[in-house]
Structure formats: C-alpha cells, structure tokens
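Heads up: the structure comes next, in structure tokens.
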Amino acid sequence: MPRRLSKSLTVFDQLLNKKYKVQSTFRNSVSMVYTNTPAAPTYQVKKMRDQAYRICRDYLSGSWKSISSSDMVFRSISGGMSNFLYYCSLPETHTPLVGEPHQVLMRMYGQIHEGVEAKVTESVIFMMLSERKLGPKLYGIFPGGRLEEYIPARAMTCDELKAPEMSVTIARKLAKVHTLNVPINKEPKWLFDKMENWLNFAKNEIRLETLNDEQKKIAVTLLSQDLEKEFTWLKSVLLKANSPVLFCHNDLQEGNILVPEQNSMSEDKIVFIDFEYCSYNFRAFDIANHFCEWCFDYSNPDYPHFTAKDEEFPTIDQQHSFIQSYLKNFESSCKETEIPDEINNEEHVLKEVMVFTLASHFLWTLWSIVNAQNSQIQFGYWEYGKARWDAYIQHKNRVLKQENLDSVTAEER
1 MPRRLSKSLT
11 VFDQLLNKKY
21 KVQSTFRNSV
31 SMVYTNTPAA
41 PTYQVKKMRD
51 QAYRICRDYL
61 SGSWKSISSS
71 DMVFRSISGG
81 MSNFLYYCSL
91 PETHTPLVGE
101 PHQVLMRMYG
111 QIHEGVEAKV
121 TESVIFMMLS
131 ERKLGPKLYG
141 IFPGGRLEEY
151 IPARAMTCDE
161 LKAPEMSVTI
171 ARKLAKVHTL
181 NVPINKEPKW
191 LFDKMENWLN
201 FAKNEIRLET
211 LNDEQKKIAV
221 TLLSQDLEKE
231 FTWLKSVLLK
241 ANSPVLFCHN
251 DLQEGNILVP
261 EQNSMSEDKI
271 VFIDFEYCSY
281 NFRAFDIANH
291 FCEWCFDYSN
301 PDYPHFTAKD
311 EEFPTIDQQH
321 SFIQSYLKNF
331 ESSCKETEIP
341 DEINNEEHVL
351 KEVMVFTLAS
361 HFLWTLWSIV
371 NAQNSQIQFG
381 YWEYGKARWD
391 AYIQHKNRVL
401 KQENLDSVTA
411 EER
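Okay, so the sequence shown: first residue is 1 according to the UniProt record's numbering, each after it adds one.
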C-alpha cells in the first residue's frame, strides 16, 4: 500500500490469492485459525506445499532435511490483508534438534508495493523486536517472505481491547516498543509520506467505471472532498502538537495483538505482530490510532466485514488509565530517550491524542481508497473509507471547538 502500487503478481502470489479467506482480521493481521477446506485444486495446493517444504528444508535444516514434502504438516492460516500465512510442522514421528523449531509460520508477501528495501527494513525491525522479546522469533528471511515463530494463539477481539486489565497491558507493552532505538531513519517521515503518496494515487488512479452504483456513490463523495487542502491543514496542526518522535508500531489494532495459549510466551500475556508499518513517528499517533480501533470491529462475517461504533471511543477516564500505565512503563524502561517533563505528562499526552486522532482517521481513509482500487481481498474498502472520513469530520469539529484551532491561518483551510 504505498508509494507505487504494482498490479502484477507472481504465479505463486496468484495461487495464494485463490486460497485466501477473510476471517475476522484486518489490514496485515493474522488470526491463528486454520482454513481446512481447500479453495484451490489439489495440484495447486501441492505446489504451495512443495515450495513451503523447500523453504523450510533450506532455512531450518536439521530435522527438516530428513523429511519429505508429503511428511510435512502444512495448513493455510486465515489472516492478512497484504500477506498470506501458512503453518508448517515436522510430523509427530520426528523430534526437532536442540534449538530447532518444531513448527513455524511461513509468511508470503502477497501484495508488495514498496519494493525490496521496505521489506528489508521490516525484517530488521522484526528481528530486533524478537530479540527484545516484544514479538515472535525470526527463523529465516527468503525472497518473497520469511519464516517466523508459530505462536499457538488467537487474535484479540475488539471488546478485549476495552477490558481495563488488557488495556493497561497493551499500554505497558507499547511503552516498551516506544523506548527502542532501532537502526532505521529516525525522521518522522512515515505518516506524511504515506498520506501524500496515497493522496496522489487517489487523485490520479481511481477508475469509477469499475464500481457498482453504491460504491460509485461513496467514491464520488470521498473524491469530491478537497483532500489535498485538508492534508495541508492537518499537517500544520499535527506539527504544532509537540508530540515526541519515537519508534512506533503504527497499526495497533486487535488483529495485530495475539493472546497466546500459554502465557509463558510473553511476560505481558500478549504479543504484538505485523510490523510492516513500524517507523519513527509521533508517539501520539500510535496511541490515538489504537484508541480509534476501539470503534471498529472487524469480526463481521458479512459484507462490508466491519462494524463502526463511534460511541466506543475511550472515555476520558479510560484514556487516563491507558496513558498512566504507558507513562509509568515508558519512564522505567527508557534509557536513551529523554523527554521533558512538561510534555511527558498525562495532560499533554491527552492533548496530543486529541489532535492525532484526526491523523488516524485521515490516513486510513486514504488507505481505503487505495485498496478499494487495488486489493483482491473481499472487504468493504469504500464503506470503510466513508466511515473513517465521517469520523474524521466529526472529530475535527470537536477539536476545533475544544482547541480553538480555527484560528490557525484561515488560508490553510
């Protein structure tokens, strides 16, 4: 999703696309649920199995070299708006060597829009989070994907995000992520680059003739907005919020938080996954974006496969509880980044979040427009884009009223 959207897929990608099944997940998330009914002919399943076997044999070696493709346990796993996921395991008759995984998750990049460099960066981030025990282990990186630790787990539900104990646990984990010093570009370019590139795509690449009447109605409404002018105004407001730049996840929704079957996998009882959007960014975006996800439930089995509930946005008390846990753990974990006390307090973070909630709604509105045109996955992208845009306008009115931001240069608006 990204700067340049390629419509070409490899033969293997096409095979994976035919087998994909949406199931209670979103964007790049994974729910550890097996899809047992093959959607592809037997010969295609065998081709995927054989390729997975060769990758596991070559990258894991050891006991994996002593089995055949037909011996290997191989299943498709649902999940992922950009990736395709497969469970690979040694048969019960084979015992792994010391330090060798018995089972792995094979992630194939189904829709690569940003090129090899972006995937290299993602793998570096994945490895670092793995070493800090903030994410799954990394077992191998190969052209077109990687081998990861398979964690017997389920994706968190939207309702669980709101449970008080779970909310402070997420805050504690997020604080640890924010303290990382990662060897990537530390300028906060990600947010504005994404918005600008997706804006350009929305302006130049959308083809209305391919849409049905209902989708076309939504598309015309969204594309008739002066999104470029809105972006200019929003960027100026965000830059004045004085939010510290830290290493951020940038997509902390329920599908990207796993609850392991055995809590020993994580001291916080949860595991963050899918680091495709990780970058240095304004801390308030990560927090505000997570709060916005309280309002969107992606478990709807029927089209458009999500339910929007604006009233579920965290109350002030719930925000305070999250931010208290976040700040407490950030201060205890942070060794290299010093943030002045005048902005590292609850009230300042609350103000940052108020403004950056706009950024979350605006970003995913644009994301929806781009994917409505390009994605082969069945999801109500236009409907989701409209829901995020409506939420953006409603929240903008609240922000303008509360912060009196309408005084920010009339020319910008």
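C-beta: ideal position from N, C-alpha, C; glycine also.
DSSP lists Asp297 as the beta-bridge partner residues of Thr307. If one requires a minimum length of 3 residues, the beta strand (DSSP E) runs lying completely within the segment 109–151 are 138–142, 145–149, in chain order. Contact annotation, Phe291 with Phe313: C-beta distance approximately 6 Å; criterion of less than 8 Å satisfied. The Cβ neighbour count for Pro188, taken over all protein chains shown within 10 Å, is at least 16; the residue is labelled buried. For Arg75 and Leu327, the gap between their C-alpha atoms comes out near 41 Å. For Leu327, there is no enclosing beta strand (DSSP E); the enclosing alpha helix (DSSP H) has its first and last residue at 316–333. The beta carbons of Ser69 and Tyr53 sit closer together than 7 Å. The beta carbon of Leu358 sits closer than 7 Å to the beta carbons of Leu234, Tyr392, His395, Lys396, Val399 from its chain, once the five residues preceding and following it are set aside; these are given in chain order. Pro304 has its alpha-carbon roughly 23 Å from the corresponding atom of Lys162.
Nearest Cα to Cys88 within the set Cys56, Gly62, Lys119: Cys56. For Asn281, the secondary structure class from DSSP, reduced to helix, strand or coil, is strand. Judged by beta-carbon spacing, Val73 lies beyond the 7 Å limit of Ala153, meaning their Cβ atoms are not closer than that value.
Gln319 counts as buried, since at least 16 other C-beta atoms from the protein chains shown sit within 10 angstroms of its C-beta. Here Arg107 carries a strand assignment [DSSP, helix/strand/coil]. Contact between the segment 275–292 and the segment 174–181 is established, with three or more Cβ pairs separated by less than 8 Å. The DSSP-derived three-state label of Arg207 is coil. Scanning Ile151, Gln402, Leu238, Leu350 for the CA closest to the CA of Ile257 turns up Ile151. When only Cα atoms are considered, Thr307 and Asp297 end up about 5 Å apart. Taking 7 Å as the cut-off, the Cβ atoms of Ala155 and Gly255 count as close.
In the DSSP assignment, the residues bridged to Tyr86 are Ser76, Met106. For Val370, the three-state secondary structure derived from DSSP is helix. In the displayed model, Leu258 falls within a strand according to three-state DSSP. Pairing Phe275 with Val353, the inter-Cα distance amounts to about 22 Å. DSSP links Val245 through a beta bridge to Phe282. With respect to the 7 Å criterion, Leu147 and Tyr59 are classified as neighbours on the basis of their beta carbons.
With contacts defined as CB atoms closer than 7 Å, His361 and Arg388 qualify as a contacting pair. In its chain, beyond the 5 residues on either side, Pro244 have a beta carbon closer than 6 Å to the beta carbon of Ile339. Approximately 12 Å separates the beta-carbon atoms of Ile270 and Thr157; this is outside 8 Å, ruling out the contact. A distance of 7 Å or more separates the beta carbons of Tyr381 and Asn374. At the C-beta level, Phe231 and Leu199 come within 7 Å of one another.
CA-CA distance, Ser279 to Thr93, rounds to 43 Å. Phe272 carries a strand assignment under DSSP once its states are collapsed to helix, strand and coil. Secondary structure at Ala163: coil, using DSSP grouped into helix, strand and coil. In the DSSP annotation of this structure, the continuous segment of the alpha helix (DSSP H) that includes Thr232 starts and ends at 227–239.
Within 10 angstroms of the beta-carbon of Ile77 lie 16 or more other beta-carbons, which makes it buried. Within its own chain, the residues whose Cβ lies closer than 7 Å to the Cβ of Leu350, once the five positions on either side in sequence are excluded, are Gln319, Ile323, listed in chain order.
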